[in-house]
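K.L.:
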Amino acid sequence: MITLSVVVPVRDGERFISDALASLARNARRDFEFIVVDDGSVDDTAAIVAESEVPGLSLARNPTPVGLADARNTGLKLASGTYVTFMDGDDWLAPGYLSGLVAAIDGLGCDFVRTDHVQVEGRKRVVHRAPEARRGLVLNPRETILPADVRTMVDYPYAWAGIYRRTLGDLLRFPGSLHTAEDRPWIWRLHRKAASFAVVSMAGLFYRRGVQGSLTQIGDERQLHFFDAFDLIFEDLEPEFMPKAVRNFCALFAHHLELAERFTPELRRRFEARGAAMVRALPADLVAAAVPRMSVEREQALRALLPEIPAGARVRREEA
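Using full-length UniProt numbering, read the sequence shown as starting at 1 and increasing by one per residue.
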């Protein structure tokens, strides 16, 4: 019987995949399986994985890339564990981390457990804590979406920062139409639909930032999927959560505007036009309430594009 399935999507990851595999080996147990999904790599990623001797490892290959969301979905279809977790191919795990995850969800008995993580930039290591301060307690996920003007669990969308019961079924599937921001509608749906969760103070996943070739560094058409992601969030959203979703969208849209130099002039025009249209389609009172709660830089970026946003009293809050 398999207790835990670890899904590892990777594309052209030959630079880091050996580190990821070595960390899996240090976490291996007889009741753990590791499913690496090679998403159409054209480098030596698949060969490195195939030659690995990590216990419980299997390799699935997509002949052509389908994107991170569907690569994860492929791994989910192959998973047989009671629980499932994720790791990207350029990240790594601390020894014993996976056993700790299993012990946490076994002990708490909830649908899913979220964790902290370690962000890595070069030699720098910084622990990033999940927003929920109550640790080791079983909570209602819906009750951790609000309040709107502070950072909450839906602002912490990283699928790999946690462990999930596989019986959650379709709630664990990612929107395959998205090639970026796929975690955003995923985390909103999970918190709206699942029955219980908890946060524990574990930081055993090491997340590399600023990796060349990652989607956070690329300014191509896939960045427009950010808007598709929020279309999915807004779809059938309960009115009580609209202030949070509006603030979330506006803050992240402003963040993308600050990074718009990575776009070509044509893509920037399309990005700004679509974002402005979405903001104008949102309830004006919620937008007017959200914008003054952003950083000065984000507020300025939005008002430069949308000068019609009403001015409001400045109230500083933590950004999404």
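Virtual Cβ for every residue (Gly too), placed ideally from N, Cα, C.
Mark residue 17 as exposed unless 16 or more other C-beta atoms lie within 10 angstroms of its C-beta, in which case mark it buried.
P.N.:
Sequence index remark: in the sequence shown, residue 17 carries index 17 (1-based). When all chains shown are included, residue 17 counts as buried.
K.L.:
Would residue 225 and residue 256 qualify as a contact pair, given that the criterion is a beta-carbon distance under 8 Å?
P.N.:
Stepping through the sequence shown from its first residue, residue 225 is reached at position 225. Stepping through the sequence shown from its first residue, residue 256 is reached at position 256. Result no, Cβ atoms of residue 225 and residue 256 do not sit closer than 8 Å.
K.L.:
Which same chain residues, not among the five before or five after residue 394, have their C-beta less than 8 Å away from its C-beta?
P.N.:
As shown, the chain starts at 1 and ends at 320. That puts residue 394 outside it, with no answer to give.
K.L.:
Please classify residue 39: is it buried, with 16 or more other beta-carbons within 10 angstroms of its beta-carbon, or exposed?
P.N.:
Here the question's residue 39 lines up with position 39 in the sequence shown. Result: buried.
K.L.:
Quick one: is residue 140 buried, meaning 16 or more other Cβ sit within 10 Å of its Cβ, or exposed?
P.N.:
Working through the sequence shown from its first residue, we reach residue 140 at position 140. With fewer than 16 Cβ atoms within 10 Å of its Cβ, residue 140 is classed as exposed.
K.L.:
Tell me whether the beta-carbon of residue 115 lies closer than 8 Å to the beta-carbon of residue 203.
P.N.:
Residue 115 sits at position 115 when you count from the first residue of the sequence shown. Residue 203 sits at position 203 when you count from the first residue of the sequence shown. Yes, they are a contact pair.
K.L.:
As an exercise, report each continuous beta strand (DSSP E) stretch of at least 3 residues that is fully enclosed by the region 122-205, in chain order.
P.N.:
Counting whole runs of 3 or more residues, the region 122-205 contains the beta strand (DSSP E) stretches 124-128, 162-165, 197-200.
K.L.:
Pick from 173, 169, 161: whose alpha carbon is nearest that of residue 200?
P.N.:
Taking the sequence shown and counting its residues from 1, one reaches residue 200 at position 200. Closest option to residue 200, Cα to Cα, is 161.
K.L.:
Could you tell me which of 119, 248, 29, 110 sits nearest to residue 298, measuring between CA atoms?
P.N.:
Here residue 298 refers to the residue found at position 298 when the sequence shown is read from its first residue. Cα-wise, what sits closest to residue 298 is 248.
K.L.:
Report buried or exposed for residue 109, applying the criterion of at least 16 other Cβ atoms within 10 angstroms of its Cβ.
P.N.:
If you number the sequence shown from 1, residue 109 lands on position 109. The residue in question, residue 109, is exposed, as its Cβ has fewer than 16 Cβ neighbours within 10 Å.
K.L.:
Quick one: grab the DSSP three-state call for residue 115.
P.N.:
As a working mapping, residue 115 is identified with position 115 in the sequence shown. Strand, per DSSP.
K.L.:
In the DSSP output, which residue or residues are listed as bridge partners for residue 97?
P.N.:
As a first step, residue 97 must be located in the sequence shown, where it is residue number 97. Answer by DSSP bridge pairing: none, since residue 97 is not bridged.
K.L.:
Can the beta-carbon of residue 268 be found less than 8 Å from the beta-carbon of residue 276?
P.N.:
Counting from 1 along the sequence shown, the entry for residue 268 is found at position 268. Counting from 1 along the sequence shown, the entry for residue 276 is found at position 276. No; because the gap between Cβ atoms is not below 8 Å, this pair is not in contact.
K.L.:
State the start and end residues of the unbroken beta strand (DSSP E) segment that holds residue 224.
P.N.:
Position 224 of the sequence shown, counting from 1, holds the residue named residue 224. Where residue 224 is concerned, there is no enclosing beta strand (DSSP E), given that its DSSP letter is neither H nor E.
K.L.:
In angstroms, rounded to a whole number, what distance separates the CA positions of residue 119 and residue 159?
P.N.:
Sequence index remark: in the sequence shown, residue 119 carries index 119 (1-based). Sequence index remark: in the sequence shown, residue 159 carries index 159 (1-based). In a straight line, the C-alpha of residue 119 is about 15 Å away from that of residue 159.
K.L.:
Give me the Cα-Cα distance between residue 60 and residue 7, rounded to the nearest whole angstrom.
P.N.:
The residue labelled residue 60 in the question sits at position 60 within the sequence shown. The residue labelled residue 7 in the question sits at position 7 within the sequence shown. Between residue 60 and residue 7, the C-alpha separation is close to 10 Å.
K.L.:
Excluding the 5 residues flanking residue 168 on each side, which residues of the same chain have their C-beta closer than 8 Å to its C-beta?
P.N.:
As a first step, residue 168 must be located in the sequence shown, where it is residue number 168. These residues qualify, in order along the chain: 111, 112, 190, 194.
K.L.:
Find the nearest neighbour of residue 30 within the set 43, 81, 21, 72, judged by alpha-carbon distance.
P.N.:
Stepping through the sequence shown from its first residue, residue 30 is reached at position 30. When only C-alpha atoms are compared, the closest one is 81.
K.L.:
Do the CB positions of residue 91 and residue 205 come within less than 8 Å of each other?
P.N.:
Residue 91 sits at position 91 when you count from the first residue of the sequence shown. Residue 205 sits at position 205 when you count from the first residue of the sequence shown. In contact: residue 91 and residue 205 (Cβ atoms closer than 8 Å).
K.L.:
Mapping DSSP to helix, strand and coil, what is residue 257?
P.N.:
Here the question's residue 257 lines up with position 257 in the sequence shown. Three-state DSSP puts residue 257 in a helix.
K.L.:
List in chain order: all unbroken alpha helix (DSSP H) runs of 4+ residues lying wholly within the region 52-96.
P.N.:
Whole alpha helix (DSSP H) segments, 4+ residues: 68-78.
K.L.:
Contact defined as beta carbons within less than 8 Å: I believe residue 9 pairs with residue 75. What is the distance between those atoms, to the nearest angstrom?
P.N.:
In the sequence shown, residue 9 corresponds to position 9, counting from 1. In the sequence shown, residue 75 corresponds to position 75, counting from 1. The pair is a contact, with the Cβ atoms about 7 Å apart (cut-off 8 Å).
K.L.:
Measuring straight from C-alpha to C-alpha, what distance separates residue 138 and residue 103?
P.N.:
As a position in the sequence shown, residue 138 is number 138, starting the count at 1. As a position in the sequence shown, residue 103 is number 103, starting the count at 1. Approximately 14 Å between the Cα atoms of the pair.
K.L.:
Can you tell me whether residue 308 is helix, strand or coil according to DSSP?
P.N.:
Taking the first residue of the sequence shown as position 1, residue 308 is located at position 308. Looking at residue 308 - three-state DSSP - the assignment turns out to be coil, as it is neither helix nor strand.
K.L.:
Can you check whether the CB of residue 250 is closer than 8 Å to the CB of residue 279?
P.N.:
As a working mapping, residue 279 is identified with position 279 in the sequence shown. As a working mapping, residue 250 is identified with position 250 in the sequence shown. Yes.
K.L.:
Mind checking residue 229: buried by the 16 CB within 10 Å criterion, or exposed?
P.N.:
Here residue 229 refers to the residue found at position 229 when the sequence shown is read from its first residue. Buried: at least 16 other Cβ atoms inside 10 Å.
K.L.:
Please say whether residue 97 and residue 163 have beta carbons closer to each other than 8 Å?
P.N.:
For this step, residue 163 is matched to residue 163 along the sequence shown. For this step, residue 97 is matched to residue 97 along the sequence shown. Going by C-beta atoms, residue 163 is not nearer than 8 Å to residue 97.
K.L.:
Got a sec? Which residues, its chain only, sit under 6 Å from residue 217 by beta carbon, not counting five neighbours each side?
P.N.:
Indexing the sequence shown from 1 puts residue 217 at position 217. With a pLDDT of only 48 at residue 217, under 50, the local geometry of the prediction cannot be trusted, and no value is derived from it.
K.L.:
Assuming residue 12 contacts residue 41 under a Cβ cut-off of 8 Å, what Cβ separation, rounded to an integer in Å, is found between them?
P.N.:
Residue mapping note: residue 12 aligns to position 12 of the sequence shown, counting from 1. Residue mapping note: residue 41 aligns to position 41 of the sequence shown, counting from 1. With 8 Å as the limit, residue 12 and residue 41 qualify as a contact, their Cβ atoms being about 5 Å apart.
K.L.:
At 4 residues or longer, what runs of the alpha helix (DSSP H) sit wholly inside the region 13-45?
P.N.:
17-25, all fully within the region 13-45.
K.L.:
Which term fits residue 285, buried or exposed, when burial requires 16 or more other beta carbons within 10 angstroms of its beta carbon?
P.N.:
Taking the first residue of the sequence shown as position 1, residue 285 is located at position 285. Residue 285 comes out exposed.
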